[in-house]
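The numbering of the sequence shown is UniProt numbering, which starts it at 1 and goes up by one.
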Amino acid sequence: MSSENKADYPWEISREVERLQKQHAWVQRCLDSKIVFAPIPLDKEGLRILDVGCADGVLLRDLKKQVSPSAQLVGADIVEAFLPASERGIRFEVYDLCESPREQLVGAFDLTHMRYSILGAAKVGYQKAIDNLASTAAPRGWLQVHELDFDLTDRPNVGPAWRDVSNLIAAMFDGMGMGSDCIRKLPGAFEVAGLENVTVHSVDLPMGKLLGDDEAAELSWQPFVITIPSLLEGAKALGVQLPNSTYENLAERFEKEVKEKGAMFRALVTIGQKPAAIQQNSAFVPIPRRISSAITIHLLTTLENMAEGNFVDVEALLSNLTLDEKVELLAGQGSFRMTGLEKHGIPALITSDGPHGIRGRRSFNRMPSPMLPSATGMGATFNTELIHKIGSLLGEEAKVRGVHVLLAPTLCLQRSPLIGRGFEAFGEDPFLSGTLGAHYINGVQEQGVATSVKHYAAHDQSDNSIEDNVVMIERTLREVHMLPFQLALRGSDPWTIMTSYNKINGIHVSEDPLLMKEILREEWGFKGLVMSDWFGTYSTSEAINAGLDLEMPGPTDWRGKRLSIAVNSRKVSEATVDTAVKNVLNLVNKCKAGEKSGKAPQSDTPEQRALIRQLVAESVVLLKNDKQRLPIKNSKDLKFGLIGDHVKNPALCGGGSAEVEPYYGITPYEAIKEVVGEENITYTPGCNSFRFSPLIKGHTPPDSDSEGWSVEIFGEDPQENPNTKVLVSTTAEKQLVDVPESYHASLPTKFYARAKAKYTIQESGKLKFGFSTSGKGKLLIDGKEAIDLWTSQPPKTDSTPCFNRLSMERFYEGEFEKGQVLNLEVLQVNESLSGGVGTAQTLAGRVGIFELYDEDQGIKNAVELAKKVDVPIVITGLSSDFEYEGSDRKHLRLPGRVDELISAVLEANPDAIIITQSGLPIEMPWESQAATLLHAWFGGQETGHGMADVLFGKVNPSGRLSLTFPKSVKHTPAYLTFSKADYDIVYGEGVFIGHRYYEMVDREPLFYFGHGLSYSKFEYSNLTVPKEFTPAADHQMRVTVDITNKGAFAGAEVVQLYIHHADSSLQRPVRELKAFTKVTVDVDETKTAELTLDKYSLSFWDQEASKWKAEAGKYTVILASSSNPKDEIARADFALPKTFFWKGL
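Here it is as structure tokens:
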């Protein structure tokens, strides 16, 4: 190194070498003295390598030149000089966290002992600190952000001592204030690295003064460590209240716990950039200047607040916050992130979509989640206790991911079976939906995680529902579409409610004071937060004045400066803003308190898997068992013919925001093979049932063996300028070509994406590729254009994937040989070419592939197989190709030639077992041919096991239809007023929704609501109903009945109680479900089922009185196995001697 260059650096190389040597010895002393936080690799040789920052990096660059002068110099290579070969193996990324913190991927190398780690630097105006590391000297006074570590299991494994330490540090940091704008940008960078649940803290601390070193003081602040004794002393000095009993013998307990537990779940704490007037105290142990970031503080990501009582002082904050700060809290900060104010100690809460799992805070490279059956399947269990447990499981999974608010459950009703996202709701009956919803909410929130009950209200179409104006009388609104929410609030205390997209009687719900203020808050007493659905806010003053607390997502469209202006111009009062802010802060307190509630959360445990498997099996509905073919006995002596493409590719979930990435997915083929052995199975698909080309699987980036696409983002067309700069380079670890949400803020308005992958042909033959895109795009195969959606696109005549924002598909056919490796390339630009195709920055491309299959021959093969095997089983149905958010179905038929396939198989072998999958009802023109028929919904990750458990008798089926299955879509109550025939959607069916309609018009459906068979026979006896209901709103009446199992199998019976009011002064449904319970009964055992009736059981909405009315007269209790009048089992009358009115819950 020349002498003129040496002057550019803050320290000489010899000093740096000496510093590294001293640092190594100092680290050893820290570890020997029971230092609280140590880096993941306890191998001391690994500690020194992570000291790559601005000045350090430049110096290490020259150190590397001494070791290997010819080496290429990038951030990763700098570190590699000090990295033992044995410590390489897992991906490590280096990011530039300057002005555009999520913009530039700088380099990568490997480490075996950590999953991810980030090195970076941040200072406003210093934009290429790492990118130009080889030629740029470091300025003084910048922020170092070095390292983020996770253990390889990616699971929290903590005990009480670790939580106590985390609590203590969190409380101290919150008391001292949090840092700069750079710090706020860091979570986006963490998302890039694929990390969940990252909480970033910074401390504005004058480390130079603590060190007593003027030179160090000029260099801003350095990393430091905290010992447990000094931590306790410092907490006292800062006035942090400590429950002494909790922190007794903390150091000893912590040391013991570390040895016993081993790996822990950790995240980085960094040091702030600007000085703060904080007095020196003994909590902070100075470290020699510029000590390695490998010993900066690591915190548990799901920090627990140690303080007693509230996390934030709501009233004090309302007095201290400026108007602009208050307004900032009333809109989201990102896609799934609420806004926090670090300097006031207000954290940003994280939300996540549900209701069938935890989707996570991003779509790009999502973390896996448990995938439950569709909510309609959960509804089919009629099991409140099980749904409570499932809610608790979801709450625990949310805590693992750092999610504070689960956007679930969905309590809207399926007014029509055509609604695209109807699979997200429990069922068509308001009592069933509200009752199960309350148990779901209680289960989630007992884990300290908020629910956001949605979509309030009457969100009954999915296709562009922001334009829909639902027109109905108040009685219909109250008795049907708002009743599930009312019942849920009565049986639980949801912390948030989400408004729907649509209008009701001319006013958008998110602007309707009747719904949000008068009914929800004043009448029902709701004390929580009201948030909009995503992009479901349409105004500034109207929305907040009506009671909408929070606009989601961020950045804001309608709040921010607009709301500040509205307050200053007196269109909105500051008191109204304060009320909304108070609701936000109260939610913060509940969620932060929830972080310390219960045991340490776990994920994907054997117990959780077993619970989900139970849920799936209980959701399966045995529709027909005419020949008693089920359960299958002596299975290992039989030959099975498995027919249908759902055998190996089942429908696990519907599409849209409810779709999650499952930990695994058990197919029916795998589950049946476990029982009977693969040697006894023959499989044929028969015909295809997909709508869009099945997404490509098994593709890998050009330089990797992991599934996914390499993705590069450019500011200009790389076709026209091959040398254009790469703005972003990342990997999409998924089948879809996608752009990470984390990059959106730093991308230009118009950008180009190029995705590459290699794909190996599995079998020789004719294959067909399908491609659809948002914006414009093209697919190249081996460098040649195969599909062009860049220069032209087909007219959009039907719904498409990805929330209905992709183009129509185009196709490419070719002959390919087994083992042939194809180089696939997708080029896209977010520029509009045709109507109805999205061009937002969530640019997406979909590449599918399938074999060109002779379906005539396929159906013949299925028929021949059905004839020769002992047990033919057809498994088919719908999938997320047909049921997804942003689109509604046009009919109820099964796709393609599936009906033809089923009919042909049944004609060949009438004993064939038919299993259908869908989230909502389907037509079954072949139903009369089938003697054995089951419906299995979208089954989630345990789909195959749930089916097999029922087929082979491991589980006695107890599922009951949560929706009526009509014979034809023309028979449904909303047939004439569903779809986009008119923007005014008139609910002409009134209160006669679902099963209520069929009995009212004397039209028999295919299968009634509540229908489902068992392998057992249950007898009812000793129905006991009081003769009179006391006319009081708080009165409850107990009904009992004995259930005896007369069958050969233990099983569960769903007792359904319907009420009939013959003397009503206005037209009411013939029977209304008002109570249900599930009773498990052993063979020859008798159990007493108890059901409760209350004011809801008797009442209707009186529009003239604007109250609920329980009208005097005779009422009939009807016990039945379904809503079918023929399934009535027992009945008894009781009287209400006097009419009474009521409001509220």
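Glycine included, each C-beta is placed from N, C-alpha and C at the ideal position.
- Item | Buried or exposed by the 16-neighbour rule on C-beta atoms within 10 Å, applied to residue 461 | Taking all protein chains shown into account, residue 461 has 16 or more neighbouring C-beta atoms within 10 Å of its C-beta and is therefore buried.
- Task: Determine the direct distance from the alpha carbon of residue 943 to that of residue 664, and round the result to whole angstroms.
- Result: Approximately 10 Å, taken between the alpha carbons.
- Message: Short of 7 Å in beta carbon distance, which residues of its chain neighbour residue 556, apart from the five on each side in sequence? Order them along the chain.
- Response: Cβ within range, chain order: 331.
- What residues are listed by DSSP as bridge partners for residue 933? Partner(s): 624 and 914.
- Item | Beta-carbon gap between residue 500 and residue 455 smaller than 9 Å | Taking the C-beta atoms as reference points, residue 455 is found nearer than 9 Å to residue 500.
- Over the uninterrupted beta strand (DSSP E) stretch that includes residue 731, give me the two end residues. Note, residue 731: beta strand (DSSP E), 726–732.
- Item | Sheet register partners of residue 531 (DSSP bridge) | Among the bridge pairs identified by DSSP, residue 531 is matched with 498 and 550.
- Message: As an exercise, report each continuous beta strand (DSSP E) stretch of at least 3 residues that is fully enclosed by the UniProt domain "PA14" (704–863), in chain order.
- Response: You should have 709–714, 726–732, 752–760, 765–773, 776–781, 784–789, 810–816, 821–829 and 844–851.
- Three-way DSSP call (helix, strand, coil) for residue 334 in this model: Collapsing the DSSP output to three states places residue 334 in coil.
- Leaving out five residues on either side along the sequence, give the residues of the same chain with a beta carbon under 6 Å from the beta carbon of residue 939. A distance below 6 Å between beta-carbons, with the five flanking residues on each side excluded, links residue 939 to the following residues of its chain, in chain order: 373, 616 and 946.
- Query: To the nearest angstrom, how far is it from the Cα of residue 503 to the Cα of residue 538?
  - Reply: Cα to Cα, residue 503 sits roughly 11 Å from residue 538.
- Task: Check residue 1112 in the structure and name its three-state DSSP category.
- Result: Annotated three-state conformation of residue 1112 is coil, per DSSP.
- Task: Return helix, strand or coil for residue 1032, following the three-state DSSP convention.
- Result: Annotated three-state conformation of residue 1032 is coil, per DSSP.
- For residue 1099, the residue or residues it bridges with in DSSP: Its beta-bridge partners are 1110.
- Query: Are residue 973 and residue 992 close, meaning C-beta to C-beta below 9 Å?
  - Reply: If you check the CB distance, residue 973 and residue 992 come in under 9 Å.
- residue 955 lies in the beta strand (DSSP E); which residues open and close that run? Membership of residue 955 in any beta strand (DSSP E) is not indicated, and neither H nor E is assigned to it by DSSP.
- For residue 1013, which residues does DSSP report across the bridge? Note: residue 1013 sits in a beta bridge opposite 622.
- Item | the segment 335–347 / the segment 906–923 touching (three or more Cβ pairs under 8 Å) | By the Cβ criterion, the segment 335–347 is not in contact with the segment 906–923, since fewer than three pairs of Cβ atoms, one from each stretch, lie closer than 8 Å.
- Enclosing beta strand (DSSP E) for residue 683 [first to last residue]: Counting along the chain, residue 683 sits inside the beta strand (DSSP E) bounded by residues 681–684.
- Query: Going by C-alpha distance, which of 1070, 333 and 863 is nearest residue 1117?
  - Reply: Comparing Cα-Cα distances from residue 1117 to each of 1070, 333 and 863, the minimum goes to 1070.
- Would you say the segment 684–691 touches the segment 955–969, given that touching needs at least three Cβ pairs under 8 Å? The segment 684–691, when compared against the segment 955–969, does not touch it at the 8 Å Cβ threshold.
- For residue 407, which residues does DSSP report across the bridge? The partner list for residue 407 (beta bridge, DSSP) reads 353.
- Proximal residues to residue 1094 (C-beta, below 6 Å), its chain only, five neighbours per side dropped: Here the set comprises 1036.
- Item | Close beta carbons around residue 836, own chain, < 6 Å, minus the five adjacent residues each side | Cβ within range, chain order: 796.
- Task: Please look up how many angstroms separate the CB atoms of residue 644 and residue 685, rounded, as I've assumed it's under 8 Å.
- Result: Rounded to the nearest angstrom, the Cβ distance from residue 644 to residue 685 is 7 Å, consistent with a contact under 8 Å.
- Under 9 Å between C-beta atoms of residue 753 and residue 711: Yes; because the gap between Cβ atoms is below 9 Å, this pair is in contact.
- Task: Inspect the beta-carbon positions of residue 412 and residue 450 and report whether they are closer than 9 Å.
- Result: In this structure, the beta-carbon distance from residue 412 to residue 450 does not fall below 9 Å.
- Measure how close the beta-carbons of residue 1005 and residue 998 come, nearest whole angstrom, since I'm counting them as under 8 Å. Contact between residue 1005 and residue 998 holds, with the beta-carbon distance rounding to 5 Å and staying under 8 Å.
- Message: Can you tell me whether residue 924 is helix, strand or coil according to DSSP?
- Response: Residue 924: coil per DSSP, three-state reduction.
- Query: Any contact of the segment 523–543 with the segment 576–590, i.e. 3+ C-beta pairs under 8 Å?
  - Reply: They touch, by the three-pair rule.
- Should the segment 603–621 be regarded as contacting the segment 884–903, the criterion being three or more beta carbon pairs within less than 8 Å? Counting C-beta pairs closer than 8 Å gives fewer than three between the segment 603–621 and the segment 884–903, which falls short of the contact rule.
- Query: Exposed or buried, which one is residue 821 when buried takes at least 16 other CB atoms within 10 Å?
  - Reply: Exposed: under 16 other Cβ atoms inside 10 Å.
- Task: Provide the residue(s) that pair with residue 1090 in DSSP beta bridges, ordered along the chain.
- Result: Answer by DSSP bridge pairing, in chain order: 1040.
- Buried or exposed for residue 814, please, with buried defined as at least 16 other CB atoms from any protein chain shown within 10 angstroms of its CB. Taking every protein chain shown into account, the CB of residue 814 has fewer than 16 other CB atoms within 10 angstroms, so this residue is exposed.
- Item | Which of helix, strand or coil DSSP assigns to residue 1104 | In the structure shown, residue 1104 sits in coil (DSSP, three-state: anything other than H, G, I, E or B).
- Nearest to residue 553 by alpha carbon, out of 495, 737, 625 and 349? Closest by alpha carbon: 349.
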